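**Student:** Per full-length UniProt numbering, residue 1 is the first one in the sequence shown, and the count goes up by one each step. Using N, Cα and C, we set each Cβ at its ideal position, and we do this for glycine too. All of these numbers come straight from a predicted model, not from anything done at the bench.
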Amino acid sequence: MIDQLLHAAPGRVGPLLSEALMSELPSAVFERLHESGVLTRVLPELDALFGIPQSCDDPETVDIGYHQLRMIDEAARRRLPSCMRWAALLHKVGKADSPPEFLPSHLHHERRGTPLVHAICDRLGLDDETRDLALLTVNECDRIHRAVDMRAGAITMLITRLDGLARPERFERLLVIATCDFHAYPGQDVKPYGKADKFRRALAAARAIDAGDFAAGHPGLKSDDLDHALLEARAQAVAAALSSEQWDAA
């Protein structure tokens with residue numbers, strides 16, 4: 001793989017990296033690419049993550065580059081498709097340029113990561129499905145992790161904003177990638193990721209309130225008022241679905 005990438009035409013680099021990602025142990029390939037210096041030539045945005053600290057529980061920090069390798073191995077263990085593996089691999093690229101004085105925090109890494117994902121997808125010829133999911137993951141994965149601080153209304157608004165009601169399969173992919181991220185941290189590989197299951201229950205509760213049926217039952221409401229009332233009804237359904245549970249640290 002190293003020799004192939006060194007001598008590959010530009011149009012072949014993306015397919016070769018995708019082939020590595022789809023292997024049974026992709027971390028082995030990407031670690032060799034990093035150690036040999038090839039990764040900085042073919043995917044410098046990923047290579048730049050090695051040596052960058054990320055907050056963790058035990059130990060206190062992890063190296064983001066190696067964390068990403070553990071994450072893609074978890075994606076491989078789950079036999080996820082290529083678009084999900086790319087999204088997992090790229091979702092922290094904005095953290096390489098975090099201000100050093102604030103490390104290991106990475107405030108606004110989403111803003112820095114978004115143009116990098118676009119550039120990578122353009123350069124490597126990745127398809128639109130991969131680009132869409134990678135952008136979704138860069139911008140929203142940490143919000144899934146922070147769900148412990150969210151109330152039912154905020155959860156419903158997040159699901160709505162991410163088009164989870166109309167595209168539940170896409171939202172499910174985000175939850176699975178967030179689960180891979182959680183399991184990539186030391187000591188968490190066998191722990192359940194409770195937030196993903198709770199978001200699934202929240203999504204099911206919100207989707208149970210059909211927009212057409214709701215509109216038919218409220219004929220006197222104008223468009224804006226109807227949208228607000230529908231959001232409120234869905235938030236109440238989400239609150240009821242999660243009323244007996246706490247958003248715990250997992």
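Whole-angstrom Cβ separation of residue 255 and Ala-206, contact assumed at under 8 Å?
**Tutor:** Outside the displayed range of the chain (1 to 250) lies residue 255, so it cannot be described from this structure.
**Student:** Taking all protein chains shown into account, do 16 or more other C-beta atoms lie within 10 angstroms of the C-beta of Pro-26, making it buried, or fewer, making it exposed?
**Tutor:** Locating residue 26 in the sequence shown gives position 26, where the first residue counts as 1. Counting Cβ neighbours within 10 Å, Pro-26 comes out buried, since at least 16 surround it.
**Student:** Quick one: what does DSSP say Ser-82 is sitting in, helix, strand or coil?
**Tutor:** Taking the sequence shown and counting its residues from 1, one reaches residue 82 at position 82. Three-state result, Ser-82: helix.
**Student:** Could you give the uninterrupted runs of the alpha helix (DSSP H) lying entirely in the region 189-227, keeping only those of 4 residues or more?
**Tutor:** List check, alpha helix (DSSP H) in window: 194-207, 211-216.
**Student:** Would you list the residues sitting across from Gln-54 in a DSSP beta bridge?
**Tutor:** For the purposes of this step, residue 54 is taken as the residue at position 54 of the sequence shown. Answer is Val-62, bridged to Gln-54.
**Student:** Quick one, which of His-34, Gly-37, Val-148, Arg-41 has its alpha-carbon nearest Pro-10's?
**Tutor:** In the sequence shown, counting from the first residue as 1, residue 10 sits at position 10. Per the Cα distances, Arg-41.
**Student:** Taking Gly-94 as part of the alpha helix (DSSP H), name the residues at either end of that continuous run.
**Tutor:** The sequence position of residue 94 within the sequence shown is 94, counting from 1. Neither: Gly-94 is in no alpha helix (DSSP H) and is coded neither H nor E.
**Student:** Determine the direct distance from the alpha carbon of His-91 to that of Gly-125, and round the result to whole angstroms.
**Tutor:** Here residue 125 refers to the residue found at position 125 when the sequence shown is read from its first residue. Here residue 91 refers to the residue found at position 91 when the sequence shown is read from its first residue. Cα to Cα, the separation comes out at about 18 Å.
**Student:** For Pro-99, which of helix, strand or coil comes out of DSSP?
**Tutor:** The residue labelled residue 99 in the question sits at position 99 within the sequence shown. Of the three classes helix, strand and coil, the one that applies to Pro-99 here is coil, per DSSP.
**Student:** Assuming Ala-166 is part of the alpha helix (DSSP H), what are its boundary residues?
**Tutor:** Taking the sequence shown and counting its residues from 1, one reaches residue 166 at position 166. Note, Ala-166: premise wrong, no alpha helix (DSSP H); not H, not E.
**Student:** Check whether the region 152-159 touches the region 181-196, counting contact only when three or more Cβ pairs, one atom from each stretch, lie closer than 8 Å.
**Tutor:** No, they do not touch.
**Student:** Assign Thr-137 to buried or exposed, taking buried as 16 or more other Cβ atoms, counted over all protein chains shown, within 10 Å of its Cβ.
**Tutor:** In the sequence shown, residue 137 corresponds to position 137, counting from 1. Buried, by the Cβ-count rule.
**Student:** Should the region 103-116 be called in touch with the region 65-72, which here means at least 3 C-beta pairs below 8 Å?
**Tutor:** Touching, no, given that fewer than three Cβ pairs across the two stretches are closer than 8 Å.
**Student:** Would you mind stating whether Ser-55 and Ser-105 have Cβ atoms separated by less than 8 Å?
**Tutor:** Along the sequence shown, read from residue 1 onward, the residue named residue 55 stands at position 55. Along the sequence shown, read from residue 1 onward, the residue named residue 105 stands at position 105. Yes, the pair counts as a contact, with Cβ atoms nearer than the cut-off.
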